[in-house]
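Visitor: Per this note's numbering, residue 4 is the first one in the sequence shown, and the count goes up by one each step.
Every residue, glycine too, gets a C-beta built ideally from N, C-alpha and C.
A quick note: this is a predicted structure, and the numbers were derived from the prediction, not measured.
Handing you this structure, nothing more for now.
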Amino acid sequence: MICNYELTVRGLRIHAQSAGEGVPILLHSGIFSEMHHWGPLIEHLHGCRVITYDAPGIGSSQVPSSPMSMRGLADIGAGILDHLGLGSAHVLGVSFGGAVAQQMALSHPGRVDRLILASTSFGGLALPGRPSALLHMMHPRGYHPDRLARTAGAMFGGRMRTEPELAAGLKMSKPGSLRAAAFRLSALAGWTSLHRLPSIRHQTLVLCGDDDPVTPHVNHRVMARLIPSARLHTVEGGGHLVLLDSAHEVGPLITAFLHGANKPVEVQAA
4 MICNYELTVR GLRIHAQSAG EGVPILLHSG IFSEMHHWGP LIEHLHGCRV ITYDAPGIGS
64 SQVPSSPMSM RGLADIGAGI LDHLGLGSAH VLGVSFGGAV AQQMALSHPG RVDRLILAST
124 SFGGLALPGR PSALLHMMHP RGYHPDRLAR TAGAMFGGRM RTEPELAAGL KMSKPGSLRA
184 AAFRLSALAG WTSLHRLPSI RHQTLVLCGD DDPVTPHVNH RVMARLIPSA RLHTVEGGGH
244 LVLLDSAHEV GPLITAFLHG ANKPVEVQAA
């Protein structure tokens, strides 16, 4: 069952959706991603009520009147749970959304059950991605299908190196205005969770590929080392979009984690 919602959260009109039945999980998207991009993963999250939304300024959600902080974006997540009558939910964040998920675990710890951090980092002091990948992402036509066919591998790594058509199939786009894009990016300015990672007490799955040019693998190892109850899972040959291009592999892993399956911690030396 799919339900669509038009919510007002912190004075902003937010477009949200829930799909499926079971334990609730809230998904925080990447920097410019819209909620429909989660489709490939949602198909593999069995026994879950999956809650997605367009972040402020993205997709159908309202552009804020001023830039929002990472804490403000985390408050949006908590507000969505309020509107849906949920005291807490599992929380998953990918890339930029992984930073929002970390902040939500720090600002609203009681609202987060288990935490999944995918293809992300802890912000300031993290090892940056390859300049070429970031330049491709910021290019004015970075997500145009013709350009993606040439650059998806360098931009995202993993399966996109040999199957760039997978990226075009996601129908990615940038925000409708430079203002919305700038406001979205501004939340990263000066933000880091590095010194607060030991304060995250939730059971945490850190999930990444070993061929991610945007968020290098070492950042995931650091997070898994510093979060007390974290485990690291690395997808061999996976890239930045491993949640989407390898959903058949990571979906069952996430589902098992959410339903309480415990596996040995896999943490490499940072």
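Which class does residue 61 belong to by DSSP, given the choice of helix, strand or coil?
Guide: Three-state result, residue 61: coil.
Visitor: Helix, strand or coil, according to DSSP, for residue 156 in the structure here?
Guide: Reduced to three states, the DSSP call for residue 156 is helix.
Visitor: Considering only the alpha carbon of each residue, which of 193, 203 and 46 lies closest to residue 128?
Guide: Nearest C-alpha to residue 128: 193.
Visitor: Between the beta-carbon of residue 237 and the beta-carbon of residue 47, is there less than 9 Å?
Guide: It is not a contact, given that the beta carbons lie outside the stated cut-off.
Visitor: Please list the segments of the beta strand (DSSP E) lying wholly inside the region 191-254, counting only runs of 3 or more residues, in order along the chain.
Guide: With a minimum length of 3 residues, the continuous beta strand (DSSP E) runs that stay inside the region 191-254 are 207-212 and 233-238.
Visitor: Confirm, please, whether the CB-CB distance from residue 106 to residue 54 is below 9 Å.
Guide: Their beta carbons are not under 9 Å apart, which means residue 54 does not touch residue 106 by this criterion.
Visitor: Let me know the secondary structure DSSP gives residue 79 once reduced to three states.
Guide: Correct three-state label for residue 79: helix.
Visitor: Tell me the DSSP bridge mates of residue 119?
Guide: Answer is 95 and 208, bridged to residue 119.
Visitor: What did DSSP end up calling residue 258 once you bin it into helix, strand or coil?
Guide: Reduced to three states, the DSSP call for residue 258 is helix.
Visitor: Is it a yes or a no for the region 165-178 touching the region 95-113, going by three-plus beta-carbon pairs under 8 Å?
Guide: No contact exists between the region 165-178 and the region 95-113.
Visitor: Hey, residue 354 and residue 161: beta-carbon distance below 9 Å or not?
Guide: Nothing about residue 354 can be reported from this structure: the residues present for the chain run from 4 to 273 only.
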